[in-house]
Amino acid sequence: MITFDHYGPAVAPVIASRVPIFAPSLKAVKESEWEGITPWGQVKVVGRIGGIHRRLLDTMFAYAIKTRRNRNGSVDLLIDPYQIRKIAGGSGVAWIKKHLRDLRDAHVSIDGDREGGSIVSDWQDSKKTVAFPVGIVSVKNGEREVEATTRTLLVVTVGAVWMRIYDCTMAVRYRPLLPTLHCMRNGAAYMLALHVITHRVYNTRLDVALRYIRAVHDDMSDRQKRRVRAGVLAEIDALCEMGITITGGGVVVYRQHASVRFTSGQERNDADAILQGADSILQGADTILLDSQESLRDSRDGTRLAADALA
Numbered sequence: 004m005i006t007f008d009h010y011g012p013a014v015a016p017v018i019a020s021r022v023p024i025f026a027p028s029l030k031a032v033k034e035s036e037w038e039g040i041t042p043w044g045q046v047k048v049v050g051r052i053g054g055i056h057r058r059l060l061d062t063m064f065a066y067a068i069k070t071r072r073n074r075n076g077s078v079d080l081l082i083d084p085y086q087i088r089k090i091a092g093g094s095g096v097a098w099i100k101k102h103l104r105d106l107r108d109a110h111v112s113i114d115g116d117r118e119g120g121s122i123v124s125d126w127q128d129s130k131k132t133v134a135f136p137v138g139i140v141s142v143k144n145g146e147r148e149v150e151a152t153t154r155t156l157l158v159v160t161v162g163a164v165w166m167r168i169y170d171c172t173m174a175v176r177y178r179p180l181l182p183t184l185h186c187m188r189n190g191a192a193y194m195l196a197l198h199v200i201t202h203r204v205y206n207t208r209l210d211v212a213l214r215y216i217r218a219v220h221d222d223m224s225d226r227q228k229r230r231v232r233a234g235v236l237a238e239i240d241a242l243c244e245m246g247i248t249i250t251g252g253g254v255v256v257y258r259q260h261a262s263v264r265f266t267s268g269q270e271r272n273d274a275d276a277i278l279q280g281a282d283s284i285l286q287g288a289d290t291i292l293l294d295s296q297e298s299l300r301d302s303r304d305g306t307r308l309a310a311d312a313l314a
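Residue numbers (my numbering): 4 to 314.
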């Protein structure tokens with residue numbers, strides 16, 4: 004399902020950035036409900052998911068060690084919690100699991116309940132471990148610290164509903180931009196950047212763009228709106244690094260960055276078929292090899308028996 008090159012795998016479906024599924028905040032968010040008409044149909048989101056959850060989800064997709072597609076359409080991501088925390092931030096495995104719970108408890112429905120479900124359906128410790136790069140370290144085991152040389156990997160299952168959206172719509176590949184995105188501290192600027200890079204060309208007033216991502220709305224005072232805009236402008240260096248500029252007239256301008264690529268659901272499905280076909284060819288080659296070895300062994304046994312009979 005996921006192929007790697009300079010741009011990395013398809014990190015997220017376009018809909019996740021063009022529709023305000025994730026609240027524009029990198030801090031704890033209150034449970035909220037949003038509903039609106041989109042090109043994908045009626046979208047309804049209920050839960051406590053914000054920019055920090057999106058950051059975690061993107062990092063897991065971008066840096067998964069291995070992926071596996073399940074029969075029900077869900078996908079298992081084998082991740083190294085240490086690496087994920089180092090890239091996305093956070094204070095420990097408990098931090099990751101806390102936000103995974105929020106992703107599991109949130110409910111996203113597309114066009115009524117036709118495609119409703121959670122983003123993350125489950126997670127569990129893997130039997131696989133990797134060594135700490137510095138050798139023996141102290142880690143917490145309950146209330147006490149113990150010495151360890153390896154750390155346990157984690158298997159996170161992304162729900163079938165989210166993967167149907169991922170498979171059927173355009174997705175974005177932007178792994179080279181993740182370090183810049185993850186350095187951002189303002190949630191509105193972070194979600195604005197994700198929103199903008201899903202376009203090949205963008206030319207929209209900042210106030211309008213902030214409404215698209217639900218960073219400003221009619222219930223806010225003018226002072227609150229100014230504070231949001233000021234927070235976004237404070238991240239102008241990071242935005243410029245990704246090719247996003249805000250003119251003196253308050254217009255957001257962007258042309259597709261060299262480190263961003265788009266991929267369709269059909270292209271990803273074709274890649275899956277190629278990979279599965281390659282696996283089948285390898286398995287077939289193994290079978291042929293085993294059959295030839297067995298035939299050779301049978302031939303040798305027959306020759307030996309014939310020689311014994313002649314003797």
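Glycine included, every Cβ here is placed at the ideal spot set by N, Cα and C.
Exposed or buried, residue i, counting other C-beta atoms within 10 Å across all chains shown (16 or more means buried)?
i      : result
Ala233 : exposed
Asn73  : exposed
Ala67  : buried
Pro16  : buried
Ala237 : exposed
Gly95  : exposed
Leu292 : Here Leu292 scores only 48 on pLDDT, less than 50, and its place in the model is too uncertain to base an answer on.
Gly251 : exposed
Asp222 : exposed
Ile99  : buried
Pro382 : The requested residue 382 does not occur in the structure, where the chain is confined to residues 4 to 314.
Ile18  : buried
Ile40  : exposed
Tell me which residues share the same chain as residue i and place their Cβ nearer than 8 angstroms to its Cβ, disregarding the 5 neighbours each side in the sequence.
i      : result
His198 : Ser20, Arg21, Ala212, Tyr215, Ile216
Cys186 : Ala241
Leu121 : Note that residue 121 is Ser in the sequence shown here, rather than Leu. Excluding residues within five positions, the ones whose Cβ falls inside 8 angstroms are Leu106, Arg107, Asp108, Ala109, His110, Val111, Gly162, Val164, Trp165.
Ala13  : Ile5, Phe64, Tyr169, Ala174, Val175, Arg176, Thr266, Arg271
Closest by CA to residue i, which one among the options?
i      : options                        : result
Gly162 : Thr62, Gly93, Leu80, Ile52     : Leu80
Ile247 : Gly253, Tyr257, Asp240, Glu238 : Tyr257
Leu124 : Lys130, Val78, Tyr169          : Reading the sequence as shown, one finds Ser at residue 124 and not Leu. Comparing Cα-Cα distances from Ser124 to each of Lys130, Val78, Tyr169, the minimum goes to Val78.
Asn189 : Asp210, Val235, Asp222         : Val235
Phe64  : Val49, Tyr10, Ser28            : Tyr10
Leu157 : Arg176, Thr70, Gly251, Val49   : Thr70
Trp126 : Tyr169, Pro179, Phe265, Ile82  : Ile82
Gln259 : Arg229, Arg203, Asp222, Met245 : Arg203
Arg178 : Gly76, Arg208, Ala261          : Ala261
Ser28  : Ser267, Ile200, Ala196         : Ala196
Cys243 : Ile87, Ile200, Thr160          : Ile200
Which residues in the same chain as residue i place their Cβ atom closer than 7 angstroms to its Cβ, once the five residues preceding and following it in sequence are excluded?
i      : result
Ala91  : Arg58, Leu59, Thr62, His185
Ile239 : Ile249
His56  : Phe25, His102, Asp105, Leu106
Asp128 : Thr155, Leu157
Lys228 : Val219
Going along the chain, which residues of its own chain have a beta-carbon closer than 6 angstroms to the beta-carbon of residue i, five neighbours each way excluded?
i      : result
Thr153 : Thr132, Ala134
Val231 : Ala191, Ala218, Val219
Lys47  : Glu38, Ser112
Ile284 : In this prediction, Ile284 has a pLDDT of 40, which is less than 50 and means its spatial position is unreliable; nothing more can be read from the coordinates.
Tyr85  : Arg154
Gly44  : Ile113, Asp114
Val49  : Glu36, His110
Leu180 : Met245, Ser262
Asn206 : Val256
So residue i and residue j are supposed to be a Cβ contact under 8 angstroms. How far apart are they, rounded?
i      : j      : result
Ala26  : Gly53  : 4 angstroms
Gly253 : Asp210 : 7 angstroms
Val175 : Val263 : 7 angstroms
Arg51  : Lys30  : No, Arg51 and Lys30 are not in contact; Cβ-Cβ is about 11 angstroms, not under 8 angstroms.
Phe265 : Met194 : With a Cβ gap of about 19 angstroms, Phe265 and Met194 do not count as contacting.
Gly76  : Arg167 : 6 angstroms
When you compare the CB of residue i with every CB in chain D, is at least one pair closer than 7 angstroms?
i      : result
Val235 : In the displayed structure, chain D is absent; only one protein chain is listed.
Alpha helix (DSSP H) segments (min. 4 residues) lying fully within the stretch 30-84: 54-66
3-residue-minimum beta strand (DSSP E) runs that sit fully inside the stretch 156-221, ordered along the chain: 174-176, 204-208
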